[in-house]
Amino acid sequence: MDCKLCLMTYGTGSIMLCLHMIKEIMILQKNMIYYSAVIRSNDKDSNHDFNKEAYIEEGYCLIQENFDGVSSAQAKDQIGELLTDKNAAKKVINYRLRDWLFLGNGIGVLQYQC
117 MDCKLCLMTY GTGSIMLCLH MIKEIMILQK NMIYYSAVIR SNDKDSNHDF NKEAYIEEGY
177 CLIQENFDGV SSAQAKDQIG ELLTDKNAAK KVINYRLRDW LFLGNGIGVL QYQC
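First residue of the sequence shown: 117, per this note's numbering; consecutive thereafter.
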């Protein structure tokens, strides 16, 4: 995958990305862009190499003032509450209804009349 990240027009040149996919880490490494992990493994003795692959499991927050050491599941809720209190966000559940044509045909049923 050949992809470039454009940072020239973004404020001071810093941008936040979710590094949950290996493709994103590969893009950063290819373009020599600095990044750091913000979630570590639940297993404190884990030797996960963040330079080789993304960490996509539940874990604990790192390098974050208010959330350092908090589980990632709790941090999601706390960050949501913090943003809601500041009127910067609101919690919403979105459903996507898809037509059966999109999903493909249903399971065929044969009926015999005797």
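We put the CB at the ideal spot given by N, CA and C, even for glycine.
Query raised in the report: Between which two residues does the beta strand (DSSP E) harbouring G175 extend?
Result: The residue given as residue 175 occupies position 59 in the sequence shown. First-last of the beta strand (DSSP E) with G175: 175-177.
Report task. Less than 8 Å between the CB atoms is what I'm expecting for A191 and F183, so what's the real figure, rounded? Result -> Taking the sequence shown and counting its residues from 1, one reaches residue 191 at position 75. Taking the sequence shown and counting its residues from 1, one reaches residue 183 at position 67. 5 Å between Cβ atoms; contact.
Requested in this report: Would you mind reading off the limits of the beta strand (DSSP E) that contains S188?
Outcome: Locating residue 188 in the sequence shown gives position 72, where the first residue counts as 1. No beta strand (DSSP E) holds S188; the alpha helix (DSSP H) holding it covers 188-201.
Query - Within 8 Å, strictly: CB atoms of I138 and E174 - result: Your numbering for residue 138 matches position 22 in the sequence shown. Your numbering for residue 174 matches position 58 in the sequence shown. Cβ atoms of I138 and E174: not closer than 8 Å.
Query raised in the report: According to DSSP, is I143 helix, strand or coil?
Result: In the sequence shown, counting from the first residue as 1, residue 143 sits at position 27. I143: helix per DSSP, three-state reduction.
Query raised in the report: Across which residues does DSSP place I172 in a beta bridge pair?
Result: To locate residue 172, count along the sequence shown from 1; it is residue 56. I172 is not bridged to any residue.
**Report entry** Burial state of V208, where buried means 16 or more other Cβ atoms lie within 10 Å
**Finding:** Here residue 208 refers to the residue found at position 92 of the sequence shown. So V208 counts as exposed.
Query raised in the report: Looking at the structure shown, is I155 part of a helix, part of a strand, or coil, going by DSSP?
Result: Working through the sequence shown from its first residue, we reach residue 155 at position 39. Here I155 sits in strand by DSSP.
**Report entry** Where I149 sits in the DSSP three-state scheme
**Finding:** Taking the sequence shown and counting its residues from 1, the one referred to as residue 149 is at position 33. Correct three-state label for I149: coil.
**Report entry** Residue environment, C177, which counts as buried when at least 16 other CB atoms sit within 10 Å
**Finding:** What you label residue 177 is simply residue 61 of the sequence shown in a count that begins at 1. With 16 or more other Cβ atoms within 10 Å, it is buried.
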